[in-house]
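Take any residue in the sequence shown, count from 1 to its spot, add 26: that is its number in our numbering. Glycine included, C-beta positions come from ideal geometry on N, C-alpha and C.
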Amino acid sequence: MCISEHTHISSSSPVWRPDDKAQPTPKKPGATELYRPDILETIETTIKELNAELRELSLDIHAHPELGFVEYHAHDVYTTFMEKHGFKVEKKYHLDTAWRATYTHGTGGRTIGVNSEMDALKGIGHACGHNLIGMSGVAVALAIKAALEKHDISGKISLLGTPAEEGGSGKVILLDKGAYKDMDACLMCHPAPGPIGSVSLSSCLALQRLTIEYFGHTAHAALSPWEGKNALDAAVLGYNNISALRQQLRPTHRVHGIFEGKDWAPNIIPDYAKFICYVRAPTREEMQQTVKRVTPCFEAAALATGCEVKIISMGATFDLRQNKALAGDVANITLNKYGDIDYEWGIRSASTDFGNITYALPALHPGFAIPTINDGGNHTPGFEQSAATIAAHNACLDVSKALAATGVRVLIDDKFFAEVKRTFEEDEKLRGSL
């Protein structure tokens, strides 16, 4: 999750803790009759039969954490697994560790897309639960395949293995390379803390990554400091300028980052410093406006210290535009069979490259709650342990069943798919008018 990198959430945003006595009140739409209970039964039976294999798959990925763009073990494990289960597999699909597994039944029909994430975090492994996300994508794809076969449904499944969600925007790269162009809709999910049994349909924060480089001049820090131009001072001033700006930023916006240097020594004026900065806001438009306010903070720091500055955009990810029709169907299945729906928790104050996918085509990215310890949310060692528990596994399979059933409905229910397209286009027009 950059989802990608989580931030500490301010008091203006709700934060769920395992010891909360007051549980949230979900915004429950009234549960209505299920669409094709026979198909959902097929999905449930299939996932039950695959349970042991899926658990082994998830734990294998969890035990072999790999950083973005070097998920070689995950690539090989997933592609071998999907080949074994009758999918056509394309290895190294546009990227060295990306892959695509497809299955077609009948003739004609629509294509449902699914995503499996793979990468882990530096030093803390699968502390964002991507082992669960990867397993979920596999479970959804295999369950839909079983439904297509048993109920003789024409359609295609396209499961993408997407690398480098944590800071690398792997899905954005794949989107630009055309990996999503044949999909009529795309589905995935993400674990987070929350009330157990809850599936969250919240959005997330749009994110812009910036790298700011300052170039100065070295000097002896004691003998002749006046000869130097201190690049580290420039970076620190830029950081402090942002701290002053925060008073005028909305409480839902985030600006945070770290310093990096090169050949620093305490007795030498640094001639180079880097500040890696993330700017986040609830929507793409708000994020872009905040970037315009943040940028002068860096420029002013360079002016004050006599340094040169280079501001580099490292790419943006957008807020999640949860498709209303897809969300409504997953909500109804969840409320009928598996738990509650909320719009408060999930990954609402984090970011994900799947946001860009939701801007490009109808898509859905629900969060699902897994058991966590206090202060053990995403991107902590505690969450890394939580992601390997049997309770997290079972919660992941429940949301996967709902996603699979909705995916099948996209393929066979023309009226429903028309509503999926209509709500996507309606949201596009709304974004265009902002």
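- Item | the region 184-193 touching the region 346-363, judged by at least three CB pairs closer than 8 Å | A contact between stretches requires three or more CB pairs, one per stretch, nearer than 8 Å, and the region 184-193 fails this requirement with the region 346-363.
- What residues match up with Ala127 in a beta bridge as DSSP calls it? Bridge pairing for Ala127: Val115 and Leu185 [DSSP].
- Task: Label Ser269 either buried or exposed according to how many other C-beta atoms from any shown protein chain fall within 10 Å of its C-beta, with 16 as the threshold for buried.
- Result: exposed
- Secondary structure of Tyr364, DSSP reduced to three states: coil
- Message: Going by DSSP in three states, Phe95 sits in which element: helix, strand or coil?
- Response: Judged by DSSP in its simplified three-state form, Phe95 adopts coil rather than helix or strand.
- Task: Flag this pair as yes or no: are the beta carbons of Tyr240 and Cys333 separated by less than 7 Å?
- Result: yes
- Starting from the C-beta of Ala89, find all residues in its chain whose C-beta is less than 8 Å away, skip the five residues before and the five after it, and write them out in chain order. none
- By how many angstroms is the C-alpha of Ile73 removed from the C-alpha of Ala165? 7 Å
- Cβ neighbour criterion (16 or more within 10 Å) applied to Ile284: exposed
- Message: Taking contact to mean 3 or more Cβ pairs, one atom from each stretch, closer than 8 Å, check whether the region 407-424 and the region 379-386 are in contact.
- Response: no
- Three CB pairs or more closer than 8 Å across the region 144-161 and the region 128-136: no
- Do the region 302-314 and the region 270-280 make contact, defined as three or more Cβ pairs closer than 8 Å? yes
- Query: For Leu352, which residues of its own chain have a beta-carbon under 7 Å away from its beta-carbon, when the five flanking residues on both sides are left out?
  - Reply: Ala211, Pro388, Leu390, Thr432 and Val446
- Query: What residue does the beta strand (DSSP E) around Leu15 start on, and which one ends it?
  - Reply: Residue 15 cannot be examined here, being either before or after the span of the chain that is shown, 27 to 460.
- Task: Taking Ala260 and Gly242 to be in contact with their CB atoms under 8 Å, please state how far apart those CB atoms are, rounded to whole angstroms.
- Result: 7 Å
- Message: If contacts are defined as beta-carbon pairs under 8 Å, then Ala190 and Thr343 qualify, I think. What distance do you get, rounded to the angstrom?
- Response: About 12 Å separates the two Cβ atoms, so there is no contact after all.
- Task: Using only alpha-carbon positions, find the residue among Asn141, Pro91 and Leu83 that is nearest to Leu429.
- Result: Asn141
- Message: Let me make sure I understand the geometry here. Which of Met209, Glu67 and His101 has the alpha-carbon closest to that of Gly135?
- Response: Met209
- Message: Less than 7 Å between C-beta atoms, sequence neighbours within five positions excluded: which residues of the same chain meet that for Lys350?
- Response: Thr449
- Item | Inter-stretch contact at 8 Å, needing at least 3 Cβ pairs: the region 433-445 / the region 397-410 | No, the region 433-445 does not touch the region 397-410.
- Task: Within the same chain, show all residues whose beta-carbon is closer than 8 Å to that of Thr244, passing over the 5 residues directly before and after it, in chain order.
- Result: Gly254, Ile294, Ile295, Pro296 and Asp297
- Taking just the CA atoms, how far does His419 sit from Ser105? It should be noted that the sequence gives Thr, not Ser, for residue 105. Roughly 21 Å between the two C-alpha positions.
- Query: Is His99 closer than 7 Å to Leu200 when the C-beta atoms are compared?
  - Reply: No, they are not a contact pair.
- In three-state terms, what does DSSP make of Ser226? strand
- Query: Which runs of the alpha helix (DSSP H) spanning at least 4 residues fall entirely within the region 292-364, listed in chain order?
  - Reply: 310-331 and 350-363
- Quick one: Cα of Ile338 to Cα of Cys154, how far? 27 Å
- Item | Residues that DSSP places opposite Ser142 in a beta bridge | Beta-bridge pairing links Ser142 to Gly187.
- Task: Could you round the C-beta distance between Thr398 and Gly408 to whole angstroms and report it? I think they count as a contact, below 8 Å.
- Result: 6 Å
- Task: Might you give, ordered along the chain, the residues of its own chain that have their beta carbon closer than 6 Å to the beta carbon of Leu80, omitting 5 neighbours on each side?
- Result: Met161 and Ala165
- Message: By the DSSP assignment, the beta strand (DSSP E) with Pro217 in it spans what residues?
- Response: His216 to Ala218
- Task: Could you tell me the boundaries of the alpha helix (DSSP H) in which Gly433 lies?
- Result: Ile416 to Ile438
- Which word fits Ser224, buried or exposed, when buried means at least 16 other C-beta atoms lie within 10 angstroms of its C-beta? buried
- Query: When the Cα atoms are used, what is the spatial distance from Glu325 to Ala376?
  - Reply: 27 Å
- Item | Distance, Phe107 Cα to Val115 Cα | 10 Å
- Message: Using the three-state DSSP reduction, which class does Gly193 fall into: helix, strand or coil?
- Response: coil
- Query: Going by alpha carbons, who is nearest to Lys300 out of Met340, Leu258 and Leu85?
  - Reply: Leu258
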